Each structure stands twice: as structure tokens, then as C-alpha cells.
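*Asks:* According to the UniProt record's numbering, the sequence shown is numbered sequentially starting from 1.
This is the structure I want to talk about, given as C-alpha cells.
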Amino acid sequence: MLGRLNHVAIAVPDIAAAAAVYRDTLGAEVSDAVPQPDHGVTTVFIILPNTKIELLEPLGENSPIAKFLERSPDGGIHHICYEVDDIIAARDKLTRDGARVLGGGEPKIGAHGKPVLFLHPKDFCGTLVELEQA
């Protein structure tokens, strides 16, 4: 069911400073910051040869990243994202097998303009997993 690793997401308190570390210190290609109001975050993507790093900064009062940063003020790994060929078939199989899909189970459009779902971390070794339609 799983395809390639699409990205590893890192929550950060200051997205401009974090982007500068990747761009200026590590020499990585860094995207512009893009507000994602439906998800309560601003994103920056670090482009790597084999995957991406997604930097997440809180956007708005109800941002899930703000809650994460309350517990980990310096930031840290928030989730990993895998591609799937058919997000609805993946969701249906996972729920039949007992996995919990967050947010009511209906895909939302993610930062890449494709449908995404999040899976409960307690079902996946303590890791929040995002699935993205390939």
C-alpha cells in the first residue's frame, strides 16, 4: 500500500529562521513560505534529492502546531508522510484493520494540492502518519 516517503515534517517556532538554517548553513533548496489556513500552518519545503523536509509554523489560534510547540518549544519532528496510489482504498483498508483516521476520515487537500489523511500516532509506533494521494 505504501509508496515513497514524500516528506518528514518538522514543527518550528520561527519558520524564517529554520529555513535560513537549511538554506544558509546546509546549502539546501528552500521554497517560499506558503500559508495553509485550512490546516492552521505555514509551510516551507526543503527540497532534497530523494524526498522533502516540510517546515511547519503555527497559523491562527487553533493551529495543531501551536499545541505541539507548547509541549516542545524548540520544535521537532511532527509527522512523516507516505504516498499511496489510492487514498480512499488505503483509508478503507486501514479502518477495516482497526487503525484510526483523524479528522473524521475524509481526505482534505494538503500543501501539494493532493488529498491527504492523518493516522493516529498510537496506531503507528507513536508516530503521526500522513498519507498523500500519489
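Using N, Cα and C, we set each Cβ at its ideal position, and we do this for glycine too.
As the structure is a computational prediction, the values presented were derived from the model and not from experiment.
1. Report the residue from A134, P58 and E29 whose alpha carbon sits nearest the alpha carbon of T42.
2. With E70 as the anchor, note down where its beta strand (DSSP E) starts and where it stops.
3. Pick helix, strand or coil for K114, following the three-state DSSP scheme.
4. Can you find at least 3 beta carbon pairs, one from the stretch 29 to 38 and one from the stretch 112 to 123, that sit closer than 8 Å?
5. Compute the Euclidean distance between the alpha carbons of V116 and I109, then round it to the nearest angstrom.
6. Ends of the beta strand (DSSP E) at K52?
7. For A19, count neighbouring C-beta atoms within 10 Å of its own C-beta (all shown protein chains included) and say buried if the count is 16 or more, exposed if not.
8. So, is R91 buried or exposed, given that buried needs 16 or more other C-beta atoms within 10 angstroms?
9. Tell me whether N50 is buried or exposed, calling it buried when 16 or more other Cβ atoms sit within 10 Å of its Cβ.
10. Could you give the DSSP three-state label for L94: helix, strand or coil?
11. Classify V21 as helix, strand or coil using the three-state DSSP reduction.
12. Thinking just about the alpha-carbon of each residue, which of I77, K93 and D97 is nearest to the one in G126?
13. Taking just the CA atoms, how far does L55 sit from A11?
*Replies:* From the atom records:
1. P58
2. From DSSP, E70 is part of no beta strand (DSSP E) but of the alpha helix (DSSP H) over P64 to R71.
3. Assigned with DSSP and collapsed to three states, K114 falls in coil, not helix or strand.
4. Touching, no.
5. The alpha-carbon separation between V116 and I109 amounts to approximately 6 Å.
6. Its beta strand (DSSP E) spans residues K52 to P58.
7. buried
8. For R91, the number of other beta carbons within 10 angstroms of its own is at least 16, and it is reported as buried.
9. exposed
10. helix
11. In the structure shown, the three-state DSSP call for V21 is helix.
12. I77
13. 6 Å
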